[in-house]
Amino acid sequence: MNAFNTSFSQWLKIKSLKPKANVLSLFDGISAGRLALERAGIEVGTYYRSEIDKFANKVAMHYYQDDVQLGDVTKWREWDIDWASIDMLIGGSPCQGFSFAGKQLAFDDPRSALFFVYVDILNHIKSFNPNVKFMLENVKMKKEFVEVINEYLGVEPIVINSALLSAQNRVRLYWCNWDLKQPKDKGILLRDVVENIKPDRHCERIKEGNEGHIATAIDIKGMDCIKRVYGIDGKAPTLTTMGGGHREPKVLISDVQYRKLTPTECARLQTFPDCWAESIVSNSQAYKAYGNSWTVDVVAHVFKSLVEVTA
Numbered sequence: 008m009n010a011f012n013t014s015f016s017q018w019l020k021i022k023s024l025k026p027k028a029n030v031l032s033l034f035d036g037i038s039a040g041r042l043a044l045e046r047a048g049i050e051v052g053t054y055y056r057s058e059i060d061k062f063a064n065k066v067a068m069h070y071y072q073d074d075v076q077l078g079d080v081t082k083w084r085e086w087d088i089d090w091a092s093i094d095m096l097i098g099g100s101p102c103q104g105f106s107f108a109g110k111q112l113a114f115d116d117p118r119s120a121l122f123f124v125y126v127d128i129l130n131h132i133k134s135f136n137p138n139v140k141f142m143l144e145n146v147k148m149k150k151e152f153v154e155v156i157n158e159y160l161g162v163e164p165i166v167i168n169s170a171l172l173s174a175q176n177r178v179r180l181y182w183c184n185w186d187l188k189q190p191k192d193k194g195i196l197l198r199d200v201v202e203n204i205k206p207d208r209h210c211e212r213i214k215e216g217n218e219g220h221i222a223t224a225i226d227i228k229g230m231d232c233i234k235r236v237y238g239i240d241g242k243a244p245t246l247t248t249m250g251g252g253h254r255e256p257k258v259l260i261s262d263v264q265y266r267k268l269t270p271t272e273c274a275r276l277q278t279f280p281d282c283w284a285e286s287i288v289s290n291s292q293a294y295k296a297y298g299n300s301w302t303v304d305v306v307a308h309v310f311k312s313l314v315e316v317t318a
């Protein structure tokens, strides 16, 4: 009997010798998915991961040497895995084509078209296990794009802002085939994650007359966030891949000085352990990795909902 053909508690009894879930993670990044499963209390048997970014792979493989590395998701038909054993499919297909901050090419963007690869893989698993659990994450997008995804997945998403569980405004859509509710607001602010770093040459002064550029708890659209400085009594904007050019969010550290967020602060905004990525790869790659990743505690909430529903 498959792990999720019945309730989660019954499944644990059925697989009492090995009460663990086999998970396939697409576009895995720095393994926020596996970390979230751990926080949700779901033990992992085999964790298959597909990721092509060598720096993200370096981080993930540092923490999880037992992961099965699959490589390019577009070559999934070549993967030699036990499809019938997959209990859960998770992933966040590249979102650049859907994002309001992008050009909104949607499914014409080859990166966002990888959604259909996700669907192909899901349907393939369902041919062996119709009761497989799945979760897809993506950005807030136009209604017509959401409706296309709804039609293919057969479920509607729930909108969750990471601000409920972190100090970052990050609105994302979550499609999953189990009941999911909003998490409770933990009331976390930037002051709760900002490191105590003394002002130095890396800090800059607020120019006279620019006080209006100080933001508190708003999520700036497009590239306007580059010009904003965020007060510690509010939330940070949505982390992006940043990519240098002084694009990292800036935080106010005194009445007249501000600095960019450190990689460790970005880790905290995504609720990773301190130095999860920057201890393995360069700071620039760490910024990119965190910007591309999930907010771990939000995804853990999603997975905990599965445990609660099936318990």
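My numbering numbers the first residue of the sequence shown as 8 and each following residue consecutively. Note that the Cβ used here is the ideal one computed from N, Cα and C, for glycine as well.
- A distance below 9 Å separates the beta carbons of I132 and L96.
- Distance between W182 and N168, taken at the CA atoms: about 14 Å.
- When the beta-carbon positions are compared, L259 and I239 come within less than 9 Å of each other.
- Going by DSSP, M95 is part of the beta strand (DSSP E) stretching over M95 to G98.
- Between the C-alpha atoms of L197 and Y237 there is a straight-line separation of about 8 Å.
- In the assembly as shown, T245 is a buried residue. Its beta-carbon has 16 or more other beta-carbons within 10 Å.
- As DSSP reads the structure, R179 sits in a beta bridge with V146 and I167.
- Contact check between the segment 33–50 and the segment 293–310: three or more CB pairs, one atom from each, fall below 8 Å, which counts as touching.
- Nearest Cα to I37 within the set D127, E315, Q72 and I49: Q72.
- About 6 Å separates the beta carbon of V314 from that of A47, a gap short enough to meet the 8 Å contact definition.
- Non-local beta-carbon contacts of A293 in its own chain, meaning distances under 7 Å to residues more than five positions away in sequence, involve P270, A284 and E285 in chain order.
- The DSSP-derived three-state label of Q292 is helix.
- Scanning the segment 20–78 for uninterrupted alpha helix (DSSP H) segments of 4 residues or longer gives 39–47 and 61–70, listed from N- to C-terminal end.
- Of the other Cβ atoms in all chains shown, 16 or more fall within 10 Å of the Cβ of S100; this residue is therefore buried.
- Contact check for P164 against H308 fails: the beta carbons are separated by 9 Å or more.
- Per DSSP, reduced to three states, the secondary structure at A274 is helical.
- The straight-line gap separating the alpha-carbon atoms of E202 and K150 is approximately 39 Å.
- In the structure shown, F122 falls within a helical segment according to DSSP collapsed to helix, strand and coil.
- Per DSSP, the beta bridge partners of R266 are V258.
- Comparing alpha carbon positions, the residue from L172, E272, F34 and F122 closest to I59 is F34.
- Within the model, the alpha-carbon separation for L276 versus S173 is close to 6 Å.
- Here F279 carries a coil assignment [DSSP, helix/strand/coil].
- Pairing N290 with A243, the inter-Cα distance amounts to about 19 Å.
- K140 carries a strand assignment under DSSP once its states are collapsed to helix, strand and coil.
- Sixteen is the threshold: when 16 or more other Cβ atoms of the shown chains lie within 10 Å of the Cβ of F152, as they do, the residue is buried.
- H69 and I287 do touch by the CB rule: their CB atoms are close to 5 Å apart, below 8 Å.
- By the Cβ neighbour-count rule, Q264 is exposed, with fewer than 16 other Cβ atoms within 10 Å of its own.
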